[in-house]
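Participant: This is the structure, below, for whatever I ask next.
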Amino acid sequence: MSIISRRRLAPLIILVLTVFSSPAQRRSAPDRPRLIVLLVIDQFREEYLLRFEPFFGDRGFRRLLTYGAVFVNCQYEHAPTVTAPGHATIATGATPAAHGIINNEWYERETGQVVTSVSDPARRVIGAPSGRASSPHRLIGTTLGDELRLSTNFRSKVIALSYKDRSAILLGGKLANLALWFDESSGAFITSDYYANALPEWVARFNATRPADRYFGARWEKSFPEAVYALAAADDRPEETPLPGGGRTFPHHLTGGLAQPGPAFYTAFTFTPFANEVLIELAKRAIESEQLGRDEFPDLLAISLSTNDLVGHFFGPYSHEVADLTLRTDQAVAALLTYLDARLGSNYILALTADHGVAPIPEEAARLKLGGRRISPAAVRQAIEEAVSARFGEGPWIEPRALPLLSSGFLYLNREAIAQKHLDIADVERVAGEAALKVPGLARYYARTQLLAGGVHEDPISRRVARSFHPGRSPDLILIPEPFAFISGGRTGTTHGSPYSYDAHVPLILFGRGITPGIYRSTCTPADLAPTLAAALQIEYPANATGRILWEALQLAASPRVAPHSMTSR
Ligand SMILES: [Zn+2]
């Protein structure tokens, strides 16, 4: 090519480059949302959105159901279905087998201790005089928030709020700017020195208003039409657990049994809808003070409403309390959406899900002939110790330090005793497992040896158990009760943790910028949320995410990609 013809081509090349890189062209592509609000309701069954739908206002759940992408068949593909694994799965898009958060607590063989999913003896509490500190050091891989921080060289902010440390910490991830949770001894929101050496000023100011104290002496009363409570069982049932310092029927008088605010009151406070309202207020402060969603680097605000779980445990899914709280949660969601609209216009995505559901109170399920039963952990222990001792000699055969975990179906064997007697652990597992199955209400057992070899059937229950198996953390035996039964030393209340629908089926709704509204009936899991939001943000997926990207709900699917630097240049 001659010099002259090159010169003739030059204007054409410039023209082509101009057309394909003009700011106007790039602006026509859908922008990334400026803020992701990840709203997790702790213990919230998908059916609550159906059962109470006629009573929702227009600005809360109904708005999400009408204008959001509503995935009606979203189920966890893991068990136990409890808080820490649920939140870790939401944040990472991975199964517990991969993210390592297999339960709220497990037995750490290396230290001979029961540890929580976030306990960290190397850390200290910030914002309270004392208390156990926590960090995400047991989480394996990255979260949505971590990838967002990495993608903008830490210009994006990630903040996570909850009443429970594990919920805030696991939702945020390892690179979060801040995770805050509630200290029931002081009534303040606190953090760990993993994040900061002092509370940010806006948090200290919020704490200084004594947000919980304002509700001392308040009454939680039924405030919706009687038709709402007609969808629940009787208000007073013998197996309900009374509120701390209170009773088991409306109205609930909130003092914690104290004359002035103190630890028992702060505990009682977390069992009332007022606690959700305070957390939404804290979320607004975070958005304002940290200027979330204000620049071209998208931010993530994760909120986990713990109160729904606490109330559900004490009163069950068919209680007046859960009915009332669900409708008050609708109002809290409405307040949040209204605030986000005013602050961010249409520049945000709100994602709603839950970490698990809940079983009915077992005695109620038994009265209805559904098979409900409280299985005594002492009975399970005795059956196993007797059978294994009869076969292999004196025990104890269950690791004594891991006994508290029996109520979640986690059974760690006494490995020292097995080694001393030169036994094959698979033989001990089998004898112990068969003995457990003789306890009424227990349906199945899974042995570590069998799970290590991948030798479980491909039915849905087994699949859920296998996807929660971590070789270094999981127990030697995992016990699965019949539907509506669970292992519990208590006499009242209910719980969750099973692989069954009532614990596994949760809402998943995407709402806001770039989301295609509609009812989506295809099967999905909460693990799909993190990679889907990563796709909406046009960032890398969390490291070990295996969830499916819900492309069908994303308007960004066929759009040109927008790089962070091109966002900056505007
Ligand atoms: Zn719970």
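Numbering (the working numbering), first residue to last: 1071 to 1640. All residues carry an ideal CB built from backbone N, CA and C; glycine is no exception. Model, not experiment: these values are computed from the prediction.
Assuming contact is defined by CB atoms lying nearer than 7 angstroms, are Gly1242 and Leu1420 in contact in what I supplied?
Facilitator: no
Participant: Between the alpha carbons of Asp1711 and Ala1405, how many angstroms are there, rounded?
Facilitator: Since the first residue of the chain shown is 1071 and the last is 1640, residue 1711 is not available in this structure.
Participant: Ligand 1: which residues have Cβ under 6 angstroms from any of its heavy atoms, chain order?
Facilitator: The filter returns Gln1113, Thr1153, Asp1379, His1383, His1566, in chain order.
Participant: Give the DSSP-derived three-state secondary structure of Ile1431 in the structure shown.
Facilitator: coil
Participant: I need the DSSP call for Gly1588, collapsed to helix, strand or coil.
Facilitator: DSSP, read as helix, strand or coil, puts Gly1588 in strand.
Participant: If we count the other Cβ atoms within 10 Å of its Cβ and call it buried at 16 or more, is Leu1507 buried or exposed?
Facilitator: It counts as exposed.
Participant: Pairing CB atoms from the region 1308–1324 with CB atoms from the region 1218–1229, are three or more of them under 8 angstroms?
Facilitator: no
Participant: So, under 8 angstroms CB-CB, Pro1150 and Asn1173 are touching, yes? Tell me the CB distance rounded to an integer number of Å.
Facilitator: 5 angstroms
Participant: Measuring straight from C-alpha to C-alpha, what distance separates Asp1400 and Arg1461?
Facilitator: 56 angstroms
Participant: Quick one, which of Phe1114, Val1403, His1527, Gly1560 has its alpha-carbon nearest Phe1126's?
Facilitator: Val1403
Participant: Out of curiosity, what's the CA-to-CA distance linking Ser1092 and Pro1103?
Facilitator: Confidence at Ser1092 is low in this model, with a pLDDT of 41, below 50, so the placement of that residue should be treated as unreliable; the coordinate-derived value is given next. Their backbone Cα atoms lie some 21 angstroms apart in a straight line.
Participant: Would you tell me roughly how many angstroms separate the C-alpha atoms of Pro1343 and Val1195, rounded to the nearest one?
Facilitator: 26 angstroms
Participant: Looking at the unbroken alpha helix (DSSP H) that takes in Val1450, where does it start and where does it end?
Facilitator: 1447–1462
Participant: Counting only runs that start and end within the region 1114–1160, where is the alpha helix (DSSP H) found for 4 or more residues in a row?
Facilitator: 1116–1121, 1131–1137
Participant: Going by beta-carbon coordinates alone, are His1148 and Arg1537 separated by less than 7 angstroms?
Facilitator: Yes.
Participant: Please list the terminal residues of the continuous beta strand (DSSP E) segment that includes Leu1375.
Facilitator: 1369–1375
Participant: Alpha carbon to alpha carbon, what distance is there between Thr1213 and Ile1160?
Facilitator: Looking at the backbone, the Cα of Ile1160 and that of Thr1213 are separated by about 9 angstroms.
Participant: Go through its chain and collect everything with a Cβ distance to Ile1083's Cβ below 8 angstroms, but skip five positions before and after it.
Facilitator: At Ile1083 the pLDDT is 42, less than 50, meaning the model places this residue with poor confidence and gives no usable figure here.
Participant: Can you pull the DSSP bridge partners for Thr1186?
Facilitator: Glu1175
Participant: Take every Cβ of the region 1429–1449, pair it with every Cβ of the region 1494–1513, and state whether three or more of those distances are shorter than 8 angstroms.
Facilitator: yes
Participant: Kindly list the residues whose CB is nearer than 8 angstroms to the CB of Gly1563, restricted to its own chain and excluding five residues on each side of it in sequence; keep chain order.
Facilitator: Taking C-beta separations shorter than 8 angstroms and ignoring five residues to either side along the sequence, the partners of Gly1563 in its chain run Glu1309, Glu1310, Thr1311, His1383, Phe1384, Phe1385, Gly1386, Ile1431, following chain order.
Participant: Under the DSSP definition of a beta bridge, which residues are partnered with His1575?
Facilitator: Gln1145
Participant: Would you identify the three-state DSSP class for Gly1582, choosing helix, strand or coil?
Facilitator: strand
Participant: Quick one: what's got a C-beta closer than 8 angstroms to Val1184's C-beta in the same chain, skipping five residues either side?
Facilitator: Glu1175, Trp1176, Tyr1177, Glu1178, Arg1471, Ala1472, Pro1474, Leu1475
Participant: Suppose you measure from the CA of Asn1277 to the CA of Tyr1265; what does that come to, to the nearest Å?
Facilitator: 18 angstroms
Participant: Starting from Phe1641 and walking both ways along the beta strand (DSSP E), at which residues does that stretch end?
Facilitator: An answer regarding residue 1641 cannot be provided, because it is not within the stretch 1071 to 1640 covered by the chain.
Participant: Between which two residues does the beta strand (DSSP E) containing Val1107 stretch?
Facilitator: That run of the beta strand (DSSP E) goes 1105–1111.
Participant: Skipping 5 residues on each side, what residues in its chain have a beta carbon closer than 6 angstroms to that of Val1086?
Facilitator: For Val1086, the predicted model reports a pLDDT of 41, less than 50, meaning its position is unreliable; a value from the coordinates is still stated below. Closer than 6 angstroms at Cβ, skipping near neighbours: no residue.
Participant: From Pro1281 to Val1348, what does the alpha carbon distance come to, in whole angstroms?
Facilitator: 7 angstroms
Participant: Can you look up Trp1251 in the DSSP assignment and give me helix, strand or coil?
Facilitator: strand
Participant: From the DSSP secondary-structure annotation, give me the bridge partner or partners of Arg1444.
Facilitator: Phe1556
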